[in-house]
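J.:
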Amino acid sequence: MSPIVLRPVVAFFSACLIATAAFALPAPMSNAELTAESDVVALVRVKSVTCTSITKDATTGEALPGYLAKLEVIEAKKGDVVPGGELLVTFRATPKGALGPWTVFYYPGEEVLTHLVKRAGGVTYASTWWNAKGTDVKAPETTELPSTVGESVLATDAD
2 MSPIVLRPVV AFFSACLIAT AAFALPAPMS NAELTAESDV VALVRVKSVT CTSITKDATT
62 GEALPGYLAK LEVIEAKKGD VVPGGELLVT FRATPKGALG PWTVFYYPGE EVLTHLVKRA
122 GGVTYASTWW NAKGTDVKAP ETTELPSTVG ESVLATDAD
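2 is the number of the first residue of the sequence shown in the working numbering; add one for each residue after it.
1) To the nearest angstrom, report how far apart ALA156 and GLU142 are at their CA atoms.
2) Got a sec, what are the start and stop residues for the alpha helix (DSSP H) GLU38 sits in?
3) Among the residues of its own chain, which have a CB less than 6 Å from the CB of HIS116, if the five just before and after it don't count?
4) What is the residue span of the beta strand (DSSP E) that THR149 lies within?
5) DSSP on ALA28, reduced to helix/strand/coil?
6) Please list the terminal residues of the continuous beta strand (DSSP E) segment that includes GLY135.
7) For ALA12, collect the residues of the same chain with a Cβ closer than 8 Å to its Cβ; drop the 5 residues on either side in sequence, then sort them by chain order.
8) Can you name the residues that DSSP bridges to VAL126?
9) Specify the secondary structure class of PRO66 as computed by DSSP and reduced to three states.
10) Rank ILE55, GLY80, VAL74 by C-alpha distance to the C-alpha of LYS48 and give the top, closest one.
11) Going by the CB atoms, is the gap between THR95 and ARG120 shorter than 8 Å?
12) Tell me the DSSP secondary structure of THR60 in three-state form.
13) Tell me the rounded alpha-carbon separation between ASP58 and LEU89.
14) Please name the residue in THR53, PRO29, LEU69 whose C-alpha comes closest to that of TYR126.
15) Would you say VAL113 and ASP137 are within 8 Å of each other, going by their C-beta atoms?
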């Protein structure tokens, strides 16, 4: 086949590949969906983040830290929480180059509205969806997270 005939065929298959990749990302939930699916909706202040584990990703072999964030409730919008109460939220880093913003990160000192679901066992929470955290009300003091198991990064006023 001549290059002129192949151009439309290549363009068609390229478009199909791009469309397939776009469909691989789930859509963000609306605010109403996030609220309905969440056990807790609250304005919180991140008091600390602790590295709790480092595990190798099965696909990439990359060592990925797992975290536990301690959040102080500033204002409760939904759920069995009260201002001044604390929530523990777990999250895990994703491999570099992974498609999509799959993990919601919490950083010391930030104040943010977030949507959470209770994990099995009822002690810790996780983000409801990848867009479960709103825009910062107060920016974090740092976006550096601990990289050694047992290490914590605290907000300046954390006790």
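Beta carbons: idealized from backbone N, C-alpha and C, even for Gly.
T.: So, to answer that:
1) Walking along the sequence shown from the start, residue 156 turns up at place 155. Walking along the sequence shown from the start, residue 142 turns up at place 141. Between ALA156 and GLU142, the alpha-carbon positions lie close to 7 Å from each other.
2) Working through the sequence shown from its first residue, we reach residue 38 at position 37. Looking at the DSSP string, the run of the alpha helix (DSSP H) that includes GLU38 is 32-38.
3) Working through the sequence shown from its first residue, we reach residue 116 at position 115. Correct list, in chain order: LEU35, SER39, VAL42, THR129, ALA133.
4) Translated into the one-based positions of the sequence shown, residue 149 becomes position 148. Unbroken run through THR149: none, as it is neither H nor E.
5) Residue numbering aside, residue 28 sits at position 27 when the sequence shown is read from its first letter. Three-state DSSP puts ALA28 in coil, outside helix and strand.
6) Here the question's residue 135 lines up with position 134 in the sequence shown. Note, GLY135: premise wrong, no beta strand (DSSP E); not H, not E.
7) As a position in the sequence shown, residue 12 is number 11, starting the count at 1. Because the pLDDT of ALA12 is 46, which lies under 50, any placement of that residue in the model is unreliable, and the number read from its coordinates should be weighed accordingly. If we look at ALA12 and ignore the five residues flanking it on each side, it has no Cβ neighbours.
8) As a first step, residue 126 is located in the sequence shown; it is residue number 125 there, counting from the start. Per the sequence shown, residue 126 should be read as Tyr rather than Val. Per DSSP, VAL90, LYS119.
9) Position 65 of the sequence shown holds residue 66. In the three-state scheme derived from DSSP, where H, G and I count as helix and E and B as strand, PRO66 is classed as strand.
10) Taking the sequence shown and counting its residues from 1, one reaches residue 48 at position 47. Out of ILE55, GLY80, VAL74, the CA that lies nearest to the CA of LYS48 is found in VAL74.
11) Your numbering for residue 120 matches position 119 in the sequence shown. Your numbering for residue 95 matches position 94 in the sequence shown. No, Cβ-Cβ distance for ARG120 and THR95 is not below 8 Å.
12) Residue mapping note: residue 60 aligns to position 59 of the sequence shown, counting from 1. Collapsing the DSSP output to three states places THR60 in coil.
13) Here residue 58 is taken as the residue at index 57 of the sequence shown, counted from 1. Here residue 89 is taken as the residue at index 88 of the sequence shown, counted from 1. About 24 Å.
14) In the sequence shown, the residue the question calls residue 126 occupies position 125. For TYR126, the nearest C-alpha among the options comes from LEU69.
15) On the sequence shown, residue 113 is found 112 positions in, with the first residue counted as 1. On the sequence shown, residue 137 is found 136 positions in, with the first residue counted as 1. Taking C-beta atoms as the reference points, VAL113 and ASP137 count as a pair closer than 8 Å.
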